[in-house]
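Data block below; observations after.
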C-alpha cells in the first residue's frame, strides 16, 4: 500500500510538472555558441568562447527579471558603475515550444536593419528593431560569451540574456 502511495505521488508530480517542460526547451552553451559563431563566420570574425562567469551574470539578470519579464527595461538603462564593462543583450520569446537560443536567432536576423557603410541602424533604434543586438554578436573585439534563459513568472514567455566580454557596440567603431 505504501508503495502505491509513493507511486501516486511521483506520477502526480510528473503530470504537474510535465506541461511546463513542453513549454520551453533549455538551450545549451553549444547551441548559443553555434548561433553566435555562425553569424560571426559570415562576416569573417573569430568565434566566441564560452565563459561560465558571463553565464552566471546572465543567469542573475534573467532571474532578476522573471517577474517583470523585461517590461521595466529600456535602452536607456545605465550600465553597471563598477567593474569591467560587459556587452549585454536581452530579449524574450513566447514560451510555447521555443528554446532560448531562438531569441538569439532573432537578434541575428536584425542584420537586415544594420547598414555597415554608415555603421548605423536603418530607421534608427527601437526596442523592436534594434540592430545593435546583431552588432554585439558580430563585434570583433568581443571574445567571450555567456548566456542564460528563464521562464517568466507568468509562464508565457522565456527571457534570455547574453553577456559578452569585452563589450561591443563601441561608439563610432565598426564591429568588424
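Numbering (the UniProt record's numbering), first residue to last: 1 to 176. From the three backbone atoms N, C-alpha and C, an ideal C-beta is built for every residue, glycine too.
Reduced DSSP category for residue i - H, G, I as helix; E, B as strand; rest coil
i           : result
residue 88  : strand
residue 58  : helix
residue 36  : helix
residue 47  : coil
residue 95  : coil
residue 142 : coil
residue 115 : strand
residue 160 : strand
residue 134 : helix
For residue j and residue i, the rounded distance between their alpha carbons
i           : j           : result
residue 105 : residue 124 : 21 Å
residue 23  : residue 109 : The predicted position of residue 23 is uncertain, since its pLDDT is 43 and thus under 50; a value taken from the coordinates is nonetheless stated next. Approximately 23 Å between the Cα atoms of the pair.
residue 44  : residue 64  : 35 Å
residue 170 : residue 96  : 35 Å
Chain-order list of residues whose beta-carbon lies under 7 Å from that of residue i (same chain, five-residue window excluded)
i           : result
residue 148 : 55, 58, 59, 62 and 161
residue 27  : 99, 100, 101 and 149
Buried or exposed (CB count within 10 angstroms, at least 16 for buried), residue i
i           : result
residue 172 : exposed
residue 53  : exposed
residue 130 : buried
Same chain only: Cβ atoms within 8 Å of residue i, ignoring 5 sequence neighbours per side
i           : result
residue 116 : 174
residue 69  : 92, 152, 153, 154, 156, 157 and 159
Same chain, Cβ closer than 6 Å to residue i, neighbours up to 5 away in sequence not counted
i          : result
residue 93 : 102, 103 and 158
residue 88 : 163
residue 90 : 161
DSSP beta-bridge partners of residue i
i           : result
residue 149 : 160
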